[in-house]
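Under the working numbering, read the sequence shown as residues 129 to 430, first letter to last.
First comes the structure, then the notes that go with it.
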Amino acid sequence: MSKKINFKIKIGMRVIKTAIAVTLCLYISLIFNLDSPIFMCIPAITSMKSSLSESYNDVKKRMFSAIFGVILGVAFSYIPAGDYIRPLLGGLGIIIIIYILQVFNMKQMVLLSCLVFIAGFTSKTDKFIYGFNRILGTFLGIIIGIAVNYLISSPNVYVDFISEAKNTLENTRQFIMELISKREHNIDDFEDSYNNTIKQYELLLSEKNTPLHVDFDMDRAKRITDLLQDIHLRFNLLNSFDKSPYVSKANKQLINEVFSLTLVIDGDLEGELNSVFNYHMHRILENILILEKLVGENNETE
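If you want it as structure tokens, here you go:
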């Protein structure tokens, strides 16, 4: 085995909350004598997202997929067919479910819908009561999952966004120095952290429309994102240069302000290309100074 087993991995809060949600589902199933508690536990587990907006956005999809799977399963169970034909009906039902959910861009709900379809299709008890119990169990599981996710250490997407932005800022600082001092430079670390920050910002936009979301400064988040997008565009341009720049006096002063160091090396880029390089470098360095204030330690939460 190339990778060793790691027993130092910590159990995160999301894992604990998932366990609590499952425990509550099992107790509710026991108290109210609900058969097949698995159909309550599955949506409770899958509703435990890293943000409240993701959990809320999944509610309609999960309810639709559960109701669709139950109705189709019960309907197929009433089709008169011999013992050797019924498995073919089951397979046909699975094809229909997967196709319909793909049409509605709900691929992630295929497993749940297929499970409740098979359960409804093969159930020997009263079909309508069984179907109602499956839908009720799914609904309760979703509610429990969302409630636990919100009430216990509620996800703070804004803090996650600021954390990603800080990481991107650090990679920005590293890459600008690579551009200045090296002929060969690797933009991958910056690209990865930048893309993660953009994803967190998009999640933040979604979270803003979620009921009971944590308060955060959306204007600051947008300003940070705009600055990083500007840097991203300029970095991709400068990354195409195969020579190091002859750094202008104004940029040397900015470098001293940003990095607290005096630049003593000069590259061999000349003419208009060097002017273009210095112009974009100047804008990037100015953006870095602004970002350092926006993502500072005192601005993590509002």
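In this text, a Cβ means the ideal position worked out from N, Cα and C, and glycines have one as well.
Small disclaimer: the values here were computed from a predicted structure and weren't measured.
The alpha carbon of residue 140 has as its nearest neighbour, out of 267, 369, 178, 223, the alpha carbon of 178.
Around the beta carbon of residue 331, 16 or more other beta carbons lie within 10 angstroms, which makes this residue buried. Per DSSP, reduced to three states, the secondary structure at residue 139 is coil, with no helix or strand assignment.
In this structure residue 296 does not touch residue 355 by the C-beta definition: roughly 10 angstroms separates them, more than the 8 angstroms allowed. For residue 183, the uninterrupted alpha helix (DSSP H) run begins and ends at 180 to 205, by DSSP. Residue 176 sits in coil when the DSSP states are folded into three classes, being neither helix nor strand. With contacts defined by Cβ atoms closer than 8 angstroms, residue 217 and residue 228 do not form a contacting pair. Residue 289 is a Cβ neighbour of residue 329, given a cutoff of 8 angstroms.
Segment contact: the segment 170 to 184 against the segment 311 to 318, fewer than three CB-CB distances shorter than 8 angstroms; contact not assigned. Residue 164 and residue 244 have their C-alpha atoms some 11 angstroms from each other. The beta carbon of residue 294 sits closer than 8 angstroms to the beta carbons of 423 from its chain, once the five residues preceding and following it are set aside; these are given in chain order. Closest in alpha carbon position to residue 287, among 367, 390, 346, 253, is 346. In this structure the segment 273 to 288 does not touch the segment 356 to 366; the number of beta carbon pairs closer than 8 angstroms is below three. Residue 398 carries a coil assignment under DSSP once its states are collapsed to helix, strand and coil. In this structure, the alpha-carbon of residue 167 lies about 6 angstroms from that of residue 266. CA-CA distance, residue 247 to residue 253, rounds to 11 angstroms. If one requires a minimum length of 4 residues, the alpha helix (DSSP H) runs lying completely within the segment 295 to 377 are 316 to 336, 346 to 366, in chain order. The beta carbons of residue 359 and residue 308 sit no closer together than 8 angstroms. Taking C-beta separations shorter than 6 angstroms and ignoring five residues to either side along the sequence, the partners of residue 148 in its chain run 276, following chain order. Between residue 249 and residue 219, the CB-CB gap reaches or exceeds 8 angstroms. Here residue 373 is buried, its C-beta having at least 16 other C-beta atoms within 10 Å.
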